[in-house]
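Q: Just so you know, the sequences run in chain order A and B. Residues in the first sequence are numbered from 896 upward in steps of one, following this note's numbering. Residues in the second sequence are numbered from 54 upward in steps of one, following this note's numbering. Note that beta-carbon positions come from the ideal geometry of N, C-alpha and C, so glycine has one too. Given the structure is predicted, the values throughout are model-derived calculations rather than measurements.
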Amino acid sequence: MQWGSVAEFLAMGGYGLYVWPSFGVAALCMGGEILAVWRRHAAALESHHDES
Amino acid sequence: MSATGINWFKYSSPQAFYPLAGRMILWFAALAVGLIAVGLYVGFFIAPTDVTQGDAYRIIFVHVPAAWMSMFLYVIMAIWAGVGLGLNARLSFMMAQAIAPTGAMFTFLALFTGSMWGKPTWGAWWVWDARLTSELILLFQYIGIMLLRSSIDDLRRADRASAVLALVGVINVPIIYFSVRWWNTLHQGASVTITAAPTMAGTMVTAMLVMMLGFWMYSFAVTLARLRCVIVERERQPSWGKPASIPDVAEAR
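1) Within the chosen definition, does the segment 63–72 of chain B reach the segment 906–926 of chain A through at least 3 CB pairs nearer than 8 Å?
2) Can you give the Cα-Cα distance for Ala119/B and Asp103/B, rounded to whole angstroms?
3) Looking at chain B, is there any beta carbon in it that lies within less than 8 Å of the beta carbon of Gly926/A?
4) Taking the straight line between their C-alpha atoms, what separation do you get for Met257/B and Ala938/A?
5) Kindly indicate which residue of Ser168/B, Ala100/B, Ile196/B has the alpha-carbon position closest to the one of Ala260/B.
6) Which residues of chain B have a Cβ atom closer than 7 Å to the Cβ of Ala939/A, listed in chain order?
7) According to the Cβ coordinates, are Val136/B and Val263/B closer than 8 Å?
8) Does the distance between the C-beta of Thr259/B and the nearest non-hydrogen atom of the ligand GTP fall short of 7 Å?
9) Would you decide whether Pro227/B is buried or exposed? Buried here means 16 or more other CB atoms lie within 10 Å of its CB.
10) Using the Cβ count rule (16 or more neighbours within 10 Å means buried), how would you classify Ile229/B?
11) In terms of residues, what are the limits of the alpha helix (DSSP H) holding Lys172/B?
12) Taking Gln150/B as the reference, which of Arg184/B, Trp133/B, Asn141/B, Ala74/B has the closest Cα?
13) If you drop the 5 nearest sequence neighbours on each side, which residues of the same chain put their C-beta closer than 7 Å to that of Trp202/B?
14) Do you know how far the Cα of Gly267/B is from the Cα of Leu84/B?
15) For the alpha helix (DSSP H) holding Gly137/B, just list the boundary residues, first then last.
16) Leu192/B and Ala131/B: beta carbons closer than 8 Å?
17) Below 8 Å on the Cβ atoms is my contact criterion, and I expect Gly156/B with Tyr195/B to pass it. Report the Cβ-Cβ distance as a whole number of Å.
18) Using the rule of at least 16 other Cβ atoms within 10 Å of the residue's Cβ for burial, across every protein chain shown, is Gly167/B buried or exposed?
19) Excluding sequence positions up to five away, which residues of its chain have a Cβ less than 8 Å from the Cβ of Ser244/B?
20) Please determine, among Arg184/B, Ala254/B, Ala177/B, Trp179/B, the residue with the shortest C-alpha to C-alpha distance to Thr238/B.
21) For Leu84/B and chain A, any beta-carbon pair shorter than 8 Å?
22) Distance check for Met148/B and Pro72/B, CA to CA, integer angstroms please.
23) Secondary structure at Asp103/B, three-state DSSP: helix, strand or coil?
24) Check whether the Cβ atoms of Val863/A and Arg279/B sit closer than 8 Å, and answer yes or no.
25) What first and last residue would you give for the alpha helix (DSSP H) that runs through Val223/B?
26) Select from the segment 97–110 of chain B all residues with a C-beta closer than 9 Å to any C-beta belonging to chain A, and list them in chain order.
27) Answer yes or no: does any C-beta atom of chain A fall closer than 8 Å to that of His116/B?
28) Could you give the DSSP three-state label for Ala254/B: helix, strand or coil?
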């Protein structure tokens, strides 16, 4: 491992501003998709029960 | 089929596939979490800093898997669309329908992370390079297929129209893949991932491939979960005839 400290890790050799948004947005997109599918499933089951 | 005593055709029925998909999601989700955790660990703590690109290269661990998934998912969606058209199998159309948003999401991620990588290494967020342009077109294709589907009220016609559009558009996938060879582009070639692997540290390749597998498992889990939504939603369509069966299946689990 080449990181001496947490600050060094976050700095990413000066590229932190590019590296972290890449991974952050990926996490947000994937997490958001999971949440959206979760809600869609709950809503679909809900309206199904309402009708029947 | 007869050897196992299982009638696999049973699972071509949405009602029968619904509970099976529910069990598969758990396994794929667990594998996705594990693989992505290992991939991130190897990518950030074991893989060394790149000599020429510094630590900016670490974007590769999300960029390349996302870009590959954007193309793989398109091909898989087109295959299901083709199977649906050929066999008139509604579950196949539902599969295609469930894959499109995830494919679009990965296409967006590939473009976004590529932009984040382009700025420090090329000095530009975006260039009209063949690889970037064809990937942007892929995003528009996904959006177009979803819009076309939602714009047609008749489900069977929506299935068929979006399937045809998906099949026609599959021509763009080899164009994206070979764009770096066919045109003299700014985007680096596939050499980064495969042929030049020896020049990349082994741990870099390992981290990328593990992330790749993790994204595959994520895609399986999330598209199966969306497929279950689609099954429930479409099951209550009047044209389907049996609106009460899915909650029964869901509650029986």
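A: Inspection of the coordinates gives the following:
1) Judged by Cβ distances under 8 Å, the segment 63–72 of chain B makes no contact with the segment 906–926 of chain A, as fewer than three pairs qualify.
2) 21 Å
3) no
4) Straight-line spacing of the CA atoms in Met257/B and Ala938/A works out to 42 Å.
5) Ala100/B
6) Cys282, Val285, Glu286
7) no
8) This structure does not include the ligand GTP; it has no bound ligands of any sort.
9) exposed
10) buried
11) That run of the alpha helix (DSSP H) goes 143–175.
12) The shortest C-alpha separation from Gln150/B is found at Trp133/B.
13) In the sequence as presented, Trp is not what sits at residue 202/B; that position holds Arg. The answer, listed in chain order, is Gln150, Ala211, Ser215.
14) 7 Å
15) 113–140
16) no
17) 5 Å
18) buried
19) At Ser244/B, the pLDDT of 46 sits below 50, so the modelled position is not reliable; the number obtained from the coordinates is stated separately. Answer for Ser244/B: no residue qualifies.
20) Arg184/B
21) no
22) 15 Å
23) strand
24) Outside the modelled stretch of chain A, which goes from 896 to 947, sits residue 863/A, for which no answer is possible.
25) Counting along the chain, Val223/B falls outside any alpha helix (DSSP H), and DSSP gives it neither H nor E.
26) Residues passing the 9 Å Cβ filter: Phe97, Phe98, Ile99, Pro101, Thr102, Gln106, Gly107, Asp108, Ala109, Tyr110.
27) Chain A, which has a Cβ nearer than 8 Å to the Cβ of His116/B, makes this yes.
28) coil
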